[in-house]
Amino acid sequence: MTTTTLAMHMSDGLLNAPTAVLFALVAAAGLGLALVRARADLDERTAPMAGLVAAFVFAAQMINFPVLPGVSGHLLGGALAAVLAGPWVGALCVSIVLVVQALLFADGGLTMLGANITNMALIGTAVGFLVAWALRRFAARGRAQLVVVAFVAAFVNTVAASGGFVLEYAIGGAAGYGLATTAAAIVGVHCLIGIGEGLITAITVGAVASARPDLVRLLRTPARETEEVRA
């Protein structure tokens with residue numbers, strides 16, 4: 045199995061046409077919902093953070109780190125975007141990055157754009173946020189706890205996104221590899237990539253929390269936001 049097949053950015057030809065169309069529709073529906081729900085999250089703090097998150101994820105995805113001989117990984121960014129900007133805005137940030145990369149840098153096939161958005165922007169961001177949200181009380185205890193939660197959310201986000209890859213391949217894989225072989229390679233490698241993802245996410249979230257904890261969306265509970273409005 046080649047490095048290209050192991051990459052989370054799916055290239056043209058990995059899925060058959062009906063499956064590619066199916067997940068293009070899934071991605072369109074998910075992004076439509078995110079657009080509607082993101083309006084409630086955008087404010088004077090979230091909007092600038094969304095731009096910074098998108099720029100950071102774009103830059104970080106251009107840097108690969110070694111995982112195994114001949115295999116490298118890069119930041120997916122779902123959990124990072126969700127923790128800092130919220131799940132809806134975060135999904136849009138990662139989607140924008142994926143569209144730009146596909147159109148300008150040929151990173152991920154255009155016919156696979158829907159599948160890539162589904163995996164990294166929708167599944168990855170949603171799972172990363174749900175994990176972080178479930179641990180939010182622990183994260184609110186201090187910066188160290190927040191960093192741990194960010195790491196865990198990013199690791200799980202990476203493995204979940206690879207699971208989306210396997211699901212899509214099971215539905216309509218067209219590369220000629222067996223499903224069991226593909227699943228073992230993809231999920232196994234992304235368990236290792238998840239460690240790098242977790243470290244990058246934890247360091248970034250920790251740095252933001254040290255300077256401006258009010259910019260970390262995960263820490264802004266509805267009750268706290270209400271108090272800030274009243275103040």
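Under the numbering used here, residues 45 to 275 are what the sequence shown spells out, in order. Using N, Cα and C, we set each Cβ at its ideal position, and we do this for glycine too.
Nearest by alpha-carbon distance to residue i: which of the options is it?
| i | options | result |
| --- | --- | --- |
| G95 | L120, M106, V80 and C137 | C137 |
| L263 | V143, L157 and R187 | R187 |
| I230 | V141, Q145 and N163 | N163 |
| R261 | L77, A84, A73 and G76 | A84 |
| G121 | G158, G172 and E88 | G172 |
| V210 | V196, T226, F195 and G220 | T226 |
| L174 | A194, G158, T155 and L157 | A194 |
| N108 | L147, G57, H53 and I167 | H53 |
| H74 | I167, Q105 and A99 | Note that residue 74 is Gly in the sequence shown here, rather than His. With distances taken between Cα atoms, G74 lies closest to I167. |
| I244 | A165, L147, V97 and P92 | V97 |
| A99 | D56, G242, S55 and Q145 | Q145 |
| F149 | V70, A103 and A78 | A103 |
| A253 | R81, G57, A129 and A71 | A129 |
| L35 | G57, A165, E212 and E88 | In the structure as shown, the chain begins at 45 and stops at 275. Residue 35 is therefore absent and cannot be evaluated. |
| D56 | L147, L69, V196 and T155 | T155 |
Under 8 Å between the Cβ atoms of residue i and residue j?
| i | j | result |
| --- | --- | --- |
| T169 | G134 | yes |
| V200 | C235 | no |
| V101 | A176 | no |
| A282 | G153 | Only positions 45 to 275 of the chain appear in this structure, which leaves residue 282 out of reach. |
| V192 | V249 | no |
| L42 | L142 | Nothing about residue 42 can be read from this structure; the chain reaches only from 45 to 275. |
Taking the C-alpha atoms as reference points, what is the distance between residue i and residue j?
| i | j | result |
| --- | --- | --- |
| N160 | V233 | 17 Å |
| P131 | L59 | 27 Å |
| I140 | R181 | 31 Å |
| R185 | A246 | 15 Å |
| R256 | A228 | 41 Å |
| L259 | D151 | 30 Å |
| L223 | L124 | 30 Å |
| Q189 | A178 | 13 Å |
| A251 | S206 | 27 Å |
| T48 | G76 | At T48 the pLDDT is 40, less than 50, meaning the model places this residue with poor confidence; the figure from the coordinates comes in the next sentence. Answer to the nearest angstrom: the Cα atoms are 30 Å apart. |
| A275 | Q105 | Unreliable placement is indicated for A275, whose pLDDT of 40 sits below 50; no coordinate value is reported for it. |
| Y221 | G242 | 29 Å |
| P92 | L86 | 9 Å |
| G88 | E212 | Strictly speaking, residue 88 in this sequence is Glu, with Gly absent from that position. Their backbone Cα atoms lie some 38 Å apart in a straight line. |
| A71 | A183 | 30 Å |
| L69 | G208 | 15 Å |
| V196 | G240 | 11 Å |
| R81 | F67 | 21 Å |
Step through the CB atoms of chain C and report whether any lies within less than 8 Å of the CB of residue i.
| i | result |
| --- | --- |
| E88 | The question asks about chain C, but that chain is absent: this structure has only one protein chain. |
Mind listing, in chain order, the continuous beta strand (DSSP E) runs of no fewer than 3 residues lying wholly within the stretch 95–169?
Every unbroken stretch of the beta strand (DSSP E) spanning 3 or more residues and falling wholly within the stretch 95–169 is given here in chain order: 109–112 and 115–117.
Report yes or no: do three or more beta-carbon pairs, one from the stretch 55–73 and one from the stretch 197–217, lie closer than 8 Å?
The stretch 55–73 vs the stretch 197–217: in contact.
Runs of alpha helix (DSSP H) lying entirely within the stretch 163–236, each at least 4 residues, in chain order:
With a minimum length of 4 residues, the continuous alpha helix (DSSP H) runs that stay inside the stretch 163–236 are 168–178, 180–183 and 187–216.
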